[in-house]
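Structure first, commentary second.
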Amino acid sequence: MGNNGNVSIFVIVKEPEQALLKELLAGIEEEGIPYTVSSFEGEALNETFKASQLSKLGVAVGVWKNRIILHYSKSRGFGPLFDGELNGYEKERARRIGNNAARLYKVMPLKDMRPNITIKEIVDMVRERVIAALKAKPL
205 MGNNGNVSIF
215 VIVKEPEQAL
225 LKELLAGIEE
235 EGIPYTVSSF
245 EGEALNETFK
255 ASQLSKLGVA
265 VGVWKNRIIL
275 HYSKSRGFGP
285 LFDGELNGYE
295 KERARRIGNN
305 AARLYKVMPL
315 KDMRPNITIK
325 EIVDMVRERV
335 IAALKAKPL
């Protein structure tokens, strides 16, 4: 799904690992949401955040070598939803990140982006994020 301007998920790349990028894009495409790929200069985290602000869908993914960053414009102050380095063999994980980029816009449940995660680990992770958010912005 090619270039649809601002009405798309922005995928910005800088020396991407091609196998991971291919799977990431396939994940977005599986969900039926358009994407636009362009290169970037500068720091990956900041550029991905800026791209999410420019996208009318509010979603951007940055790929720098094997690092993938997923930003959602509506999660201000919480940082990226995903920021991690994937190994070349983690193609299915890259695809799930692409699925989730599209699912953010579609307001659908997200797929697990972490390998071999338990329910307890998910609960702990959510608890940590909620506590951090409450500490950052007290009631």
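Taking our numbering, the leading residue of the sequence shown gets 205, the next gets one more, and so forth.
Beta carbons: idealized from backbone N, C-alpha and C, even for Gly.
The bridge partners DSSP lists for Gly266 are Ile216, Ile273.
When beta bridges are read from the DSSP output, Asp287 appears opposite Ile273.
Residue range 239–243 is occupied by the beta strand (DSSP E) that includes Ser243. Bounds of any alpha helix (DSSP H) do not take in Gly236, whose DSSP letter is neither H nor E. In its chain, beyond the 5 residues on either side, Ile216, Phe244, Gly266 have a beta carbon closer than 7 Å to the beta carbon of Glu251.
Leaving aside the five residues that flank His275 on each side, the residues in its chain whose CB is nearer than 6 Å to its CB run, in chain order, Thr252, Phe253, Ser256, Ala264, Pro284. For Gly292, there is no enclosing alpha helix (DSSP H), as DSSP marks it with neither H nor E.
Note on Pro313: under 16 other CB atoms within 10 angstroms of its CB, so exposed under the neighbour-count rule. Excluding residues up to 5 positions away in sequence, Ile213, Tyr309 lie with their Cβ nearer than 6 Å to the Cβ of Leu261 in the same chain.
Exposed is the label assigned to Gly246, since fewer than 16 other Cβ atoms lie within 10 Å of its Cβ.
Taking 8 Å as the cut-off, the beta carbon of Glu235 is found no closer than this to the beta carbon of Ala298. Residues of the same chain with a CB within less than 8 Å of the CB of Trp268, apart from the 5 flanking positions on each side, are Val217, Lys218, Glu219, Pro220, Ala248 in chain order. In this structure, Leu290 sits near Leu224, with a CB-CB distance shorter than 8 Å. Put simply, the backbone Cα of Ser277 is about 28 Å away from that of Lys324.
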